[in-house]
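Report on the structure given below.
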Amino acid sequence: TYLPVEQATGRINMEDLKNAIREDTILVSIMAVNNEIGTLQPLKEIGELCRDRKIIFHTDAAQMLGKMPIDVDDLKIDLMSMSGHKVYGPKGVGALYVRRRPRVRLEPIFSGGGQERGLRSGTLPHFLCVGFGAACALAKKEMPYDEEWIKYLSNKLQKGIEEQIPEVVRNGDPKYNFPGCLNYSFAYVEGESLLMALKNIAVSSGSACTSASLEPSYVLRALGVDDELAHSSLRFGISRFTSEEEVDFVLELLGQHVGRLREMSPLWEMVQEGIDLKSIQWTQDAAHGHHH
């Protein structure tokens, strides 16, 4: 069963989860923080419900690990996946937390030399494991500083975008989120063109996993963002290494280019003249030309 998410915020609704649980449900798997819009799920409530119903609770914490505190006992998490390169560690290494009590029993996906207690056979790349461990230790030590810094830059970027550019929408949950991931739709601008205009800046439309297709992001679609706006959205990532100058530079470029690109859009012109686009009857030809 796939759970829907609440429109606009992208959080799951606890009632939906309760209703989706059946007699034979053995596992609930929920992403902790979404990688496109930064929405944080109600992990504690989900954990309580699962423990209560004796169901295993798995969360994909790749985007949360090292950026926000996670207490697996407090959140009653039974299984948690983590990824090295999301905590500034090496690429190509991940980890799975498996609860001992109450014990979670797992079957290996394939058999072999029986490494990692028989759960995942194959020789381990020690240097990657050590690098991942060191990155986690650093992340824990730096977390209070990182959290504050990222929040500060995130607020600056948000304020800058919302104050200087009209008709922008932030996608995601304004309250429950990881501030280092901001997703904005710039109405009447094609996301691709804005991406090209910001060519010196590593922003993205969609995620690396799906950016090869021109389909609008399924994450935004699930939020109920219409295709036009989904196509004009960009994701900004802020990390412990982002500087204030970089944020200022992005704001300056956005200010220049969003305006410039909108001036090329006939729709923007109509909106400026006060025409309600929803009231227009597009004829087949016009609509056709408009899409290509």
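Numbering-wise (this note's numbering), the sequence shown opens with residue 202 and increments by one.
Virtual Cβ for every residue (Gly too), placed ideally from N, Cα, C.
Quick check on residue i: does DSSP put it in helix, strand or coil?
{"i": "TYR353", "result": "helix"}
{"i": "GLY295", "result": "strand"}
{"i": "ASP261", "result": "strand"}
{"i": "ASN220", "result": "helix"}
{"i": "ILE310", "result": "coil"}
{"i": "ILE231", "result": "strand"}
{"i": "LEU424", "result": "coil"}
{"i": "LEU204", "result": "coil"}
{"i": "LEU276", "result": "coil"}
{"i": "ILE336", "result": "For clarity, residue 336 is Ala in the given sequence; the question names Ile instead. ALA336: helix per DSSP, three-state reduction."}
{"i": "ARG461", "result": "helix"}
{"i": "ARG302", "result": "coil"}
{"i": "LYS400", "result": "coil"}
{"i": "TRP483", "result": "coil"}
{"i": "GLU474", "result": "coil"}
{"i": "SER320", "result": "Note that residue 320 is Leu in the sequence shown here, rather than Ser. Three-state DSSP puts LEU320 in coil, outside helix and strand."}
{"i": "LYS255", "result": "coil"}
Do residue i and residue j have their C-beta atoms within less than 8 Å of each other?
{"i": "ILE351", "j": "LEU452", "result": "no"}
{"i": "MET265", "j": "ALA296", "result": "no"}
{"i": "VAL206", "j": "LEU424", "result": "yes"}
{"i": "LEU430", "j": "LEU396", "result": "no"}
{"i": "PHE328", "j": "GLY285", "result": "no"}
{"i": "LEU250", "j": "LYS219", "result": "yes"}
{"i": "TYR389", "j": "TRP483", "result": "no"}
{"i": "GLU391", "j": "HIS432", "result": "yes"}
{"i": "VAL229", "j": "ILE213", "result": "no"}
{"i": "ILE227", "j": "ILE256", "result": "yes"}
{"i": "GLY456", "j": "GLN365", "result": "yes"}
{"i": "SER394", "j": "LEU454", "result": "no"}
{"i": "PHE437", "j": "LEU358", "result": "yes"}
{"i": "ARG254", "j": "ILE222", "result": "yes"}
{"i": "VAL448", "j": "LEU354", "result": "yes"}
In this structure, what does DSSP give as the bridge partners for residue i?
{"i": "MET283", "result": "ALA296"}
{"i": "GLY267", "result": "In DSSP, GLY267 forms no bridge with anything."}
{"i": "PHE387", "result": "VAL369"}
{"i": "SER434", "result": "SER386"}
{"i": "ASN236", "result": "Partner(s): none; ASN236 has no beta bridge."}
{"i": "SER405", "result": "ARG436"}
{"i": "LEU241", "result": "VAL234"}
{"i": "ASN378", "result": "THR240"}
Taking only beta-carbon atoms, is residue i less than 8 Å away from chain C?
{"i": "VAL206", "result": "The question asks about chain C, but that chain is absent: this structure has only one protein chain."}
Say the cut is 7 Å; is the CB of residue i nearer than that to a heavy atom of the ligand HEM?
{"i": "PRO205", "result": "Ligands are entirely absent from the displayed structure, and the ligand HEM is therefore not among its contents."}
Cβ contact check for the segment 376 to 383 and the segment 434 to 453: 3 or more pairs under 8 Å: yes
Cβ contact (3+ pairs, closer than 8 Å) linking the segment 283 to 294 and the segment 331 to 351: yes
Contact the segment 295 to 314 vs the segment 269 to 287: 3+ CB pairs below 8 Å: Because the criterion of three Cβ pairs below 8 Å is met, the segment 295 to 314 and the segment 269 to 287 touch.
Three-pair Cβ contact test at 8 Å for the segment 395 to 406 versus the segment 254 to 269: In short, these stretches do not touch, since the Cβ pair count stays below three.
Stretch-stretch touch, CB-based, cutoff 8 Å, three pairs: the segment 309 to 327 with the segment 474 to 484: no
Inter-stretch contact (C-beta, 8 Å, three-pair minimum) for the segment 363 to 374 and the segment 237 to 245: yes
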